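The opening position of the sequence shown corresponds to residue 13 in my numbering, with each subsequent residue numbered one higher.
Ideal Cβ positions, reconstructed from N, Cα and C, are used throughout, including at glycine.
Bear in mind that the values here come from a model prediction, so they are computed numbers and not experimental data.
Here the structure is laid out as structure tokens; the discussion comes afterwards.
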Amino acid sequence: MAEDLRLGLNLGYWQRTADDATELVQAAERLGYESVWTAEAYGSDAFTPLAWYGARTSRIKLGTSVAQLSARTPAATAMTAMTLDHLTGGRLLLGIGASGPQVVEGWYGRPFARPLARTREYVEIMRKIWRREEPVTNEGPHYPLPLPGGLGKPLKLITRPLRDDIPVYLGAEGPKNVALAAEIAQGWLPLFAFPEKIAAMYGEALEGARPGFDVAAMVMVLVTDDVRAALDGVKMMLTLYIGGMGAKARNFHADIIGRMGYAEAAERIQALYLAGRKDAAFAAIPDELADGISLVGPPGRIRERLAPWRASPVTNLLVMGPRDEETLRTVRDLVLG
């Protein structure tokens with residue numbers, strides 16, 4: 013349980029048509045938000061916006077939610093993370109994730125198999141690089157260093173990192189992946205969190221977490237008197253993720269909704285979406301599900317809905333939705349008091 017929730021701002025993907033969010037990030041920093049996070053899929057990358065915002069702030073932590081493993085080698089991610097951490101005075105929180113087979117195989121042209129083993133190996137290599145104890149070697153099957161049979165030799169990072177243990181968070185949805193996060197990472201980034209169900213779904217997986225392990229849940233927060241419209245906004249997002257963000261035979265987002273107790277609904281939503289019936293897929297999403305994973309409505313309603321989050325394993329709310337300082341302040345006051 014986390015009676016004292018921490019608070020961050022999740023900006024998601026940078027969009028070419030969107031306004032620069034610098035003023036919003038600066039407002040979040042003034043208001044006491046602990047962190048700001050950016051994402052990547054197959055559009056904008058996660059690191060460049062953080063460098064932009066980091067250059068215009070001084071205290072707020074900067075998180076990737078998440079940087080995709082297949083987008084970069086472990087060495088490339090370690091170098092990027094070390095550089096950004098240095099430039100921003102040790103403010104980086106490195107969230108990484110395996111993504112899904114459609115993106116990994118369709119966009120990056122890399123095999124998706126064995127994501128847990130790849131993640132473990134990836135993190136081990138990055139930490140070897142940051143520690144600079146010796147030239148880096150790795151005998152694992154996924155990222156062998158040096159490349160066998162070639163002319164390469166073990167190398168050591170030229171630049172000394174500001175921190176030799178940059179915090180690593182894992183974006184994880186399955187219980188085995190969450191257990192891996194608890195074992196090897198400083199935090200877990202759940203995309204869809206239903207606070208009343210987290211303990212039952214992931215309690216065993218989280219048992220191995222060390223003290224201070226950060227469960228930083230991304231949650232859509234919409235402050236409005238129109239609860240119906242707000243729930244519909246959440247349902248629009250769920251329609252895309254459950255219906256279209258994944259292969260028909262392997263959709264991790266649909267799987268997690270099923271583990272929440274909505275397996276039949278998830279199957280129907282995906283079938284309707286893939287059949288081109290997106291309006292019907294939207295209508296098939298239960299209001300209870302949309303309400304359970306979000307915080308929507310007038311301030312009083314949100315205050316009441318915060319109680320389950322405080323009673324859950326979540327330690328950090330990464331809010332998605334606020335786009336002005338007034339809303340940021342309202343959310344700050346509701347969460348932090």
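The beta carbon of K140 sits closer than 7 Å to those of V148, all from its chain and outside the five residues before and after it, given in chain order. Listed in chain order, the alpha helix (DSSP H) runs fully inside the region 269-346 are 275-286, 290-295, 299-304, 311-322, counting runs of at least 4 residues.
Between L182 and R132, the beta carbon gap of about 10 Å keeps them out of contact (Cβ cut-off 8 Å). Residue state for S47 is assigned as strand, using DSSP reduced to three classes.
Take the alpha-carbon of A241 and the one of V231: they are about 17 Å apart. Contiguous beta strand (DSSP E) elements confined to the region 93-136 occur at 104-109, taking only those with 3 or more residues. Judged by beta-carbon spacing, T34 lies beyond the 9 Å limit of A63, meaning their Cβ atoms are not closer than that value. Counting only residues of its own chain and dropping the five nearest sequence neighbours on each side, P173 has a CB closer than 8 Å to the CB of M94, D97, H98, W142, R144. Between F59 and T92, the CB-CB gap stays under 9 Å. Cβ neighbours of P320 within its own chain (closer than 7 Å, five residues either side excluded): P207, E208. Between the region 153-163 and the region 106-115 there are fewer than three C-beta pairs closer than 8 Å, too few to call the two in contact. Pairwise C-beta distances place the region 273-282 out of contact with the region 320-338, as fewer than three of them are shorter than 8 Å. Distances from the alpha-carbon of I137 to those of P127, A184, W119, T89 put T89 closest.
For G109, the closest alpha carbon among the candidates F124, R103, G102 is that of F124. In this chain, the beta strand (DSSP E) harbouring L234 covers 226-235. Take the alpha-carbon of W119 and the one of A83: they are about 9 Å apart. In the structure shown, V148 adopts extended strand secondary structure according to DSSP, grouped into three states. Going by DSSP, N22 is part of the beta strand (DSSP E) stretching over 18-24. By the Cβ neighbour-count rule, P202 is buried, with 16 or more other Cβ atoms within 10 Å of its own.
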